[in-house]
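Asks: Take a look at this one; I'll ask things after.
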Ligand SMILES: Cc1cc2nc3c(=O)[nH]c(=O)nc-3n(C[C@H](O)[C@H](O)[C@H](O)COP(=O)(O)OP(=O)(O)OC[C@H]3O[C@@H](n4cnc5c(N)ncnc54)[C@H](O)[C@@H]3O)c2cc1C
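Residue numbers (this note's numbering): -12 to 300.
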């Protein structure tokens, strides 16, 4: 245990009344299926519990981070020495749709799973999130990363979001506060999770459209994704695309498409996707990352930057 994680802290954490585990393997909670244990893992099932867990960690000066769907995280084999707060909040407030509505406002907890929400919206004839049907993770992760696909993104749908501030206030911020850019917001890669803003809820504006039309668009996006994206355990795009080029093209051009190290592999289908073949370690993935970075730098004088976030050493 870290020096800060005292019996008093554990007792206070238990009082929140949410499921928690000591030494929980984080591999079970990431799409990459790798990552060592969390010293403590707690699943926050309500916004109140999420706020309480963050406040407690701050009060007791315990390191923590918020885990959404784990779809953008490379977690060290040593795991995380502190508290991992898994966001399992799940409330969706669907509005009444009447004949005169052309758009509606939807309020969702930040732990809602984005592709599930996209499908539920399509079934109700709510248009705007079809791009998200194949984008794993939570609303909170999407708000932080400005997740998007096929020319749209969460910035396009977001009206405002409720946040827990670094000093513990709950505040609603309009979409322009996030300073959205391509796959980026001012919350992305916050220097320290201890002083970070935490996304609690989001308000989305969606258009009202015929159900068949929305479902067809969603199905089309899914078909396109299945045709281009490797199956199995991945974390999506490993590197950012450098200006005017594609990371996948560069990695392929240096002959590393399909390159395997231990149980980790640069996908033979799409070179910016790395795969866990079953029992890969973060160390093996890190070897692939540095191999690709060095080869691309040597041949093209381009430094590939990680799109994914690395947690731990
Ligand atoms: C197969 C696959 C395909 C993908 N395709 C796409 C794609 O097409 N487009 C795209 O944009 N992305 C894509 N991704 C990446 C991923 O889906 C997004 O980055 C997603 O938004 C991550 O959300 P998450 O909830 O999993 O965040 P996590 O990976 O759990 O966390 C990422 C970061 O956000 C922080 N965070 C999470 N929730 C909160 C919160 N409530 N408050 C504050 N901070 C928070 C975490 O602390 C961490 O720093 C893909 C990933 C995979 C595995």
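Note that beta-carbon positions come from the ideal geometry of N, C-alpha and C, so glycine has one too.
(1) At what residues does the alpha helix (DSSP H) containing residue 203 begin and finish?
(2) Residue 274: beta carbon under 7 angstroms from a heavy atom of ligand 1?
(3) Counting pairs of Cβ atoms below 8 angstroms between the segment 214 to 224 and the segment 82 to 97, do you hit three or more?
(4) Once DSSP output is grouped into helix, strand and coil, what is the label at residue 34?
(5) Does ligand 1 have a heavy atom nearer than 7 angstroms to the CB of residue 135?
(6) Using 8 angstroms as the threshold, is the C-beta distance between residue 324 and residue 259 below it?
(7) Please state whether the Cβ-Cβ distance between residue 131 and residue 188 is less than 8 angstroms.
(8) Around the C-beta of residue 169, are 16 or more other C-beta atoms found within 10 angstroms, so that it is buried, or is it exposed?
(9) Taking Cβ positions, are residue 121 and residue 208 nearer each other than 8 angstroms?
(10) Please return the same chain residues whose Cβ sits closer than 8 angstroms to the Cβ of residue 133, not counting the five positions on each side in sequence.
(11) Leaving aside the five residues before and after residue 114 along the sequence, list all residues of the same chain whose C-beta is less than 7 angstroms from its C-beta, in chain order.
(12) Would you call the CB atoms of residue 61 and residue 283 closer than 8 angstroms?
(13) Give the secondary structure of residue 291 by DSSP, where H, G and I count as helix, E and B as strand, and everything else as coil.
(14) Quick check on residue -10: buried or exposed, where buried means 16 or more other Cβ atoms within 10 Å of its Cβ?
(15) For residue 239, collect the residues of the same chain with a Cβ closer than 7 angstroms to its Cβ; drop the 5 residues on either side in sequence, then sort them by chain order.
(16) Helix, strand or coil, according to DSSP, for residue 170 in the structure here?
(17) Residue 26 to residue 9, Cα distance in whole Å?
(18) Is it buried or exposed, residue 110, if we count other Cβ atoms within 10 angstroms and call 16 or more buried?
(19) Candidates 100, 152 and 14: which alpha carbon is nearest residue 180's?
(20) May I ask whether a heavy atom of ligand 1 can be found less than 7 angstroms away from the beta carbon of residue 170?
(21) Residue 74: buried (16+ other C-beta within 10 angstroms of its C-beta) or exposed?
(22) Does the beta carbon of residue 88 fall short of 7 angstroms from some heavy atom of ligand 1?
(23) For residue 212, I'd like the list of residues in its chain whose CB is within less than 6 angstroms of its CB, leaving aside the five on either flank, ordered along the chain.
Replies: Let's see:
(1) Looking at the DSSP string, the run of the alpha helix (DSSP H) that includes residue 203 is 198 to 215.
(2) Short note on residue 274: C-beta not closer than 7 angstroms to any heavy atom of ligand 1.
(3) The segment 214 to 224, when compared against the segment 82 to 97, does not touch it at the 8 angstroms Cβ threshold.
(4) Of the three classes helix, strand and coil, the one that applies to residue 34 here is helix, per DSSP.
(5) Yes, the beta carbon of residue 135 sits closer than 7 angstroms to at least one heavy atom of ligand 1.
(6) In the structure as shown, the chain begins at -12 and stops at 300. Residue 324 is therefore absent and cannot be evaluated.
(7) Not in contact: residue 131 and residue 188 (Cβ atoms no closer than 8 angstroms).
(8) By the 10 Å Cβ count, residue 169 comes out exposed.
(9) It is a contact, given that the beta carbons lie within the stated cut-off.
(10) Residues 140, 141, 142, 165, 167, 168, 169, 170, 171, 172 and 175 of the same chain have their beta carbon placed closer than 8 angstroms to that of residue 133, with the five preceding and five following residues left out of the count.
(11) Excluding residues up to 5 positions away in sequence, 193, 194, 196 and 201 lie with their Cβ nearer than 7 angstroms to the Cβ of residue 114 in the same chain.
(12) Cβ distance not < 8 angstroms, so residue 61 and residue 283 don't count as in contact.
(13) Reduced to three states, the DSSP call for residue 291 is coil.
(14) Confidence at residue -10 is low in this model, with a pLDDT of 44, below 50, so the placement of that residue should be treated as unreliable; the coordinate-derived value is given next. Around the beta-carbon of residue -10, fewer than 16 other beta-carbon atoms lie within 10 Å, marking it exposed.
(15) Here the set comprises 258.
(16) Secondary structure of residue 170 (DSSP, three-state): coil.
(17) Computed Cα separation, rounded: 6 angstroms.
(18) Exposed, by the Cβ-count rule.
(19) Closest option to residue 180, Cα to Cα, is 152.
(20) It does: the Cβ of residue 170 is within 7 angstroms (strictly closer) of some heavy atom of ligand 1.
(21) Looking at its Cβ environment, which holds 16 or more other Cβ atoms inside 10 Å, residue 74 is buried.
(22) Taken from the Cβ of residue 88, every heavy atom of ligand 1 lies 7 angstroms or farther away.
(23) 121.
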